[in-house]
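Going down the list, the protein sequences come from chains X, V, C and S.
With numbering that gives the first Met the number 0, the residue at position 70 of the first sequence is 69, and numbering never jumps.
With numbering that gives the first Met the number 0, the residue at position 92 of the second sequence is 91, and numbering never jumps.
With numbering that gives the first Met the number 0, the residue at position 8 of the third sequence is 7, and numbering never jumps.
With numbering that gives the first Met the number 0, the residue at position 140 of the fourth sequence is 139, and numbering never jumps.
Don't be surprised by glycine CBs; every beta carbon is placed ideally from N, CA and C.
Predicted, not measured: the structure shown is a model, and the values here were computed from it.
The structure appears right after this line, and notes come after that.
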Amino acid sequence: MTTVHDSVDEAVAGIEDGSTVLVGGFGMAGMPVDLIDALIRQGATDLTVVSNNAGNGDTGLAALLAEGRVRKMVCSFPRQADSWVFDGLYRAGRIELEVVPQGNLAERMRAAGAGIGAFFCPTGVGTPLAEGKETREIDGRTYVLEYPLRADVALVKAHVADRMGNLVYRKTARNFGPVMATAATTTIVQVQQVVEPGGLDPEAVVTPGIYVDRVAVVPDRSGATS
Amino acid sequence: MTTVHDSVDEAVAGIEDGSTVLVGGFGMAGMPVDLIDALIRQGATDLTVVSNNAGNGDTGLAALLAEGRVRKMVCSFPRQADSWVFDGLYRAGRIELEVVPQGNLAERMRAAGAGIGAFFCPTGVGTPLAEGKETREIDGRTYVLEYPLRADVALVKAHVADRMGNLVYRKTARNFGPVMATAATTTIVQVQQVVEPGGLDPEAVVTPGIYVDRVAVVPDRSGATS
Amino acid sequence: MTVTVREHTDRGPLSRDEIAARIARDIPRGAYVNLGIGQPTLVADHLGPDSGIVLHTENGMLGMGPVAVGDQVDPDLTNAGKIPVVELPGAAYFHHADSFAMMRGGHLDVCVLGAFQVSAGGDLANWHTGAPDAIPAVGGAMDLAIGAKQVVVMMTLLAKDGTPKLVRDCTYPLTGVGCVDRLYTDLAVFELGPGGAAVTETFGISYDELAARLDVPLRPGA
Amino acid sequence: MTVTVREHTDRGPLSRDEIAARIARDIPRGAYVNLGIGQPTLVADHLGPDSGIVLHTENGMLGMGPVAVGDQVDPDLTNAGKIPVVELPGAAYFHHADSFAMMRGGHLDVCVLGAFQVSAGGDLANWHTGAPDAIPAVGGAMDLAIGAKQVVVMMTLLAKDGTPKLVRDCTYPLTGVGCVDRLYTDLAVFELGPGGAAVTETFGISYDELAARLDVPLRPGA
Chain X
0 MTTVHDSVDE AVAGIEDGST VLVGGFGMAG MPVDLIDALI RQGATDLTVV SNNAGNGDTG
60 LAALLAEGRV RKMVCSFPRQ ADSWVFDGLY RAGRIELEVV PQGNLAERMR AAGAGIGAFF
120 CPTGVGTPLA EGKETREIDG RTYVLEYPLR ADVALVKAHV ADRMGNLVYR KTARNFGPVM
180 ATAATTTIVQ VQQVVEPGGL DPEAVVTPGI YVDRVAVVPD RSGATS
Chain V
0 MTTVHDSVDE AVAGIEDGST VLVGGFGMAG MPVDLIDALI RQGATDLTVV SNNAGNGDTG
60 LAALLAEGRV RKMVCSFPRQ ADSWVFDGLY RAGRIELEVV PQGNLAERMR AAGAGIGAFF
120 CPTGVGTPLA EGKETREIDG RTYVLEYPLR ADVALVKAHV ADRMGNLVYR KTARNFGPVM
180 ATAATTTIVQ VQQVVEPGGL DPEAVVTPGI YVDRVAVVPD RSGATS
Chain C
0 MTVTVREHTD RGPLSRDEIA ARIARDIPRG AYVNLGIGQP TLVADHLGPD SGIVLHTENG
60 MLGMGPVAVG DQVDPDLTNA GKIPVVELPG AAYFHHADSF AMMRGGHLDV CVLGAFQVSA
120 GGDLANWHTG APDAIPAVGG AMDLAIGAKQ VVVMMTLLAK DGTPKLVRDC TYPLTGVGCV
180 DRLYTDLAVF ELGPGGAAVT ETFGISYDEL AARLDVPLRP GA
Chain S
0 MTVTVREHTD RGPLSRDEIA ARIARDIPRG AYVNLGIGQP TLVADHLGPD SGIVLHTENG
60 MLGMGPVAVG DQVDPDLTNA GKIPVVELPG AAYFHHADSF AMMRGGHLDV CVLGAFQVSA
120 GGDLANWHTG APDAIPAVGG AMDLAIGAKQ VVVMMTLLAK DGTPKLVRDC TYPLTGVGCV
180 DRLYTDLAVF ELGPGGAAVT ETFGISYDEL AARLDVPLRP GA
């Protein structure tokens, strides 16, 4: 059952040290910055964070990294023009890194959510990222065996939720949110607005409420300051 | 590139004898009856048909079966109150049947569309439908290895298409359409209406046009007769 | 700790509708529930509108409402038994691969299924009688059996010929192995698992009478 | 059959923009195309609006338009390089698992990628220089490399130090094995495959001069 919370702090309560946390977003688009800020205040540490990138600039995920709260990053593309926080930690040997091809990252979380035990995948065959992994030829093509990527918590930014937890997103900010919501024990979502059941078109719901545990409303920042 | 056709007959042109054909629908909801009628006129035979059910009443898929054009049915639930056409053929030994758990049917087509070589699946372990299949224990749970289900042609019923082939569906008539569209070499869709690009909400598109080869407009029958 | 069976010997066995009500009572508020085709659909009649329980149908919907009547009937909106239903506020539609990912991924809290046979260890047989002339049809039964967090079976305890349908080992082809958590019947409620069958409640029969009727390892339940 | 290389020795090598234009010319009408980050994005400038070509971006969109300017900038709408773009009529959004299913399932007609090295057999190295202090980052490169129906690489033929980037065997870590179909460079266009590299066109250099510069099995292309 989805609960709607008055604050992001209430929404992130109870995240434990050592948790694996999925963090939505592709760069800053879809990054749940307010939930991450709340997680920084909440205090959980020794985290494994799964996210496409390893933080941009000094806010959001980068701020969590700067606080020294992340033991390991699992991501597809850590190195970016503005990933200086991660770069510094990595070069100082203060953070572990597992690089995963972006499609495997998405598909492994999808498998976790869908009950798939493992899958033979065409990506990365013959490359260093498949080294040591089981391979198999099927119908003349070689595949690598990949395993589900499950997590304790997912932090997701969506656009609008209804009180039942159904979600819609905005444009390419949708990215990893829907698949992360399926792969975590507890999915926590920030949205700009919560509407009553019936306020979203059932044909256009992207994440059904069954995948959503907690919702917190965060009004649009640009709106709040203008 | 998606082409829009004036008639269902034009849309099904070229389907070859011996093809594997995915047919959408769950019972009659989402069944592409007009495309099937066109396929009956078109003449392709010796078909393998993949569909959740094995025909209802005397129209749609049941009519194709009655014409003796289907060599084999792959489905999850052939036996229904109104599946007399299939039942008769099956009991007379005139049609092959492969029964597949419904979730495997969907996931195997999804795998075909997603480039997955095979997947370890929790459904059917220890049952007759997994007999002879490879199994593996992963993290303490037993899984069966299942393979993709690819096809030459998919016949799908959607609600509205735009000229680029983007599709939206109606309610539970969505069912197998979106996943079948990804698993076939040629996807042929009947819709009630075709709109210009921009006429569908990009956030609400269910099947992107990349999966759609041919679209034919079939006005709603109830509308046509009232 | 004293383990006691709630024995209701002051009444007869439960009717089908009473079994459904009994199941409904145990489903937690706000649960996501799938009701299999046939008898289990009766459970819906006993879920209060304020229970917050959300019904899933395998053909791609959460927030399924009751059977459609009159003008509500829409051929594009049916339940898993192909019967027209209505949509509740807060519903969501999704395609079949997403629907079964939801089922197989363990996201449904409860599913209620009918059965031909159930074993004391929780094996389920509900898709095929094994009769040589029967046309096999499995639908989503195997996916539901292994997918929901709690798998509940609703059936009469005895077949028409009086033989128990709760057995040591299923003789009908299996739907799933060790998957049934709870069994609700007209005569008793059982918790099933690797340790065998535990009886939590009886109706119109005492625990001892029940034990005498069944050929399975039985114990009083919590 | 006479095989001839179209040698354009009356001009200099292609500029980056001319390579992009040359690639654009070969993309069929109505194709679904992914342009990798960096140089390949230049190809978009040469796709006519009436080409019917639809651009895919890995972060969940078909129907991507040009880079956004002024009021068009929307932080929720970016390309794979995180640069704000606009949406064209007929666009569609989808999540990351669906986006990569599309890529890996072989539905894109063409993808255009940059490269550090390409082998004559079509191996691709474009994600990692292998330098010990480099932070590895692969993004969607490995998925694109094995997924699109036709994988095209755009690069200069020679590195800054003059060494060829078309090689017998890649020395940099691989992105994909035998995956590149065509290689467009400033000096020549190649078809790659198990049979080695075939030269179809040269710019500012003759076939023989080109062959002398490269240490790979080469043949004139069709």
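Neighbour flag for residue i against chain X, beta carbons, 8 Å
i: S/P135; result: yes
i: S/T77; result: yes
i: V/E133; result: no
For residue i, the nearest candidate out of the options (CA to CA)
i: V/L148; options: V/T58, V/A180, V/D16 and V/A172; result: V/A180
i: X/D219; options: S/A210, S/I204 and S/D75; result: S/D75
i: C/D108; options: C/F99, C/V84, C/I26 and C/A187; result: C/I26
i: X/L21; options: X/N51, X/A10 and X/T126; result: X/N51
i: X/T122; options: S/Q116, S/D132, S/F99 and S/V117; result: S/F99
i: C/T40; options: C/I18, C/T128, C/T199 and C/A158; result: C/I18
i: X/S75; options: X/G102, X/S82 and X/F85; result: X/G102
i: X/G26; options: S/D180, S/I52 and S/N78; result: S/N78
i: S/V179; options: S/G113, S/K159 and S/P219; result: S/G113
i: C/N33; options: C/N58, C/D9, C/G11 and C/R24; result: C/N58
i: V/S6; options: V/V188, V/E195 and V/P196; result: V/V188
i: C/G120; options: C/A30, C/A196, C/T201 and C/R15; result: C/A196
Residue i at chain V interface by Cβ criterion, 8 Å
i: C/R103; result: yes
i: X/G160; result: Per the sequence shown, residue 160 of chain X should be read as Ala rather than Gly. For X/A160, the answer is no, since every Cβ of chain V falls outside 8 Å of its Cβ.
i: S/E86; result: yes
i: X/A172; result: no
i: X/R213; result: no
is_contact[residue i, chain C] using C-beta, thresh 8 Å
i: X/E106; result: no
i: X/E15; result: no
Closer than 8 Å to chain S by CB, residue i
i: V/N165; result: yes
i: V/S6; result: no
i: X/T224; result: With a pLDDT of 37 at X/T224, under the threshold of 50, the predicted position of this residue should be treated as unreliable, and no value is reported.
i: X/Y142; result: no
i: X/P77; result: yes
i: V/P100; result: no
i: V/P201; result: yes
i: X/A28; result: yes
Residues that residue i contacts on chain V, provided the C-beta gap is smaller than 8 Å
i: S/H106; result: G112, T181, I209 and Y210
i: X/A150; result: Near X/A150 there are no residues of chain V at all, since even the closest Cβ is about 15 Å away, more than 8 Å.
Contact list for residue i against chain V, beta-carbon separation under 9 Å
i: X/P121; result: G114, I115 and G116
DSSP three-state assignment for residue i, whether helix, strand or coil
i: V/K170; result: helix
i: C/M141; result: helix
i: V/M179; result: helix
i: X/I137; result: strand
i: V/I187; result: strand
i: C/T40; result: helix
i: C/G175; result: strand
i: C/F93; result: coil
Beta-carbon contacts of residue i that lie in its chain and below 8 Å, excluding the five residues immediately before and after
i: C/G105; result: G146, A147 and K148
i: S/P163; result: L156, L157, R212, L213, D214 and V215
i: S/W126; result: P135, A136, V137, G138, A140, M141, P172 and T174
Same chain only: Cβ atoms within 7 Å of residue i, ignoring 5 sequence neighbours per side
i: C/I22; result: V42, V111, V151, M153 and Y183
i: V/G222; result: Residue confidence for V/G222 is low, a pLDDT of 42 falling below 50, so the modelled location carries little weight; the figure read from the coordinates is stated next. Cβ neighbours of V/G222 beyond the five flanking positions: none.
i: V/T224; result: Only weak support is given to the placement of V/T224: the predicted model assigns it a pLDDT of 37, under 50, and the question is left unresolved by the model.
i: C/I198; result: According to the sequence provided, residue 198 of chain C is Val. The question's Ile does not apply to it. Taken in chain order, the residues that qualify are V4, A187, F189, Y206, L209, L217, P219 and G220.
Chain-ordered chain X contacts of residue i [CB-CB under 7 Å]
i: S/D142; result: P100, Q101, G102 and T122
Residue i: contacting residues in chain C (beta-carbon distance under 8 Å)
i: V/L128; result: V137 and M141
7 Å Cβ cut-off: residues of chain C touching residue i
i: V/V178; result: H94, H95 and A96
Residue i: contacting residues in chain S (beta-carbon distance under 8 Å)
i: V/G197; result: P88 and G89
Close Cβ partners of residue i (< 6 Å) along its chain, the five nearest in sequence each way excluded
i: V/V143; result: C120, G123, V124, A129, K132 and T134
i: S/L61; result: V53, H55 and A91
i: V/T185; result: V152 and D212
i: X/M30; result: G24 and G59
is_contact[residue i, chain B] using C-beta, thresh 8 Å
i: C/P219; result: Any reference to chain B falls outside this structure, whose protein chains are X, V, C and S.
Under 9 Å from the C-beta of residue i: neighbouring residues of chain S
i: X/D86; result: I134
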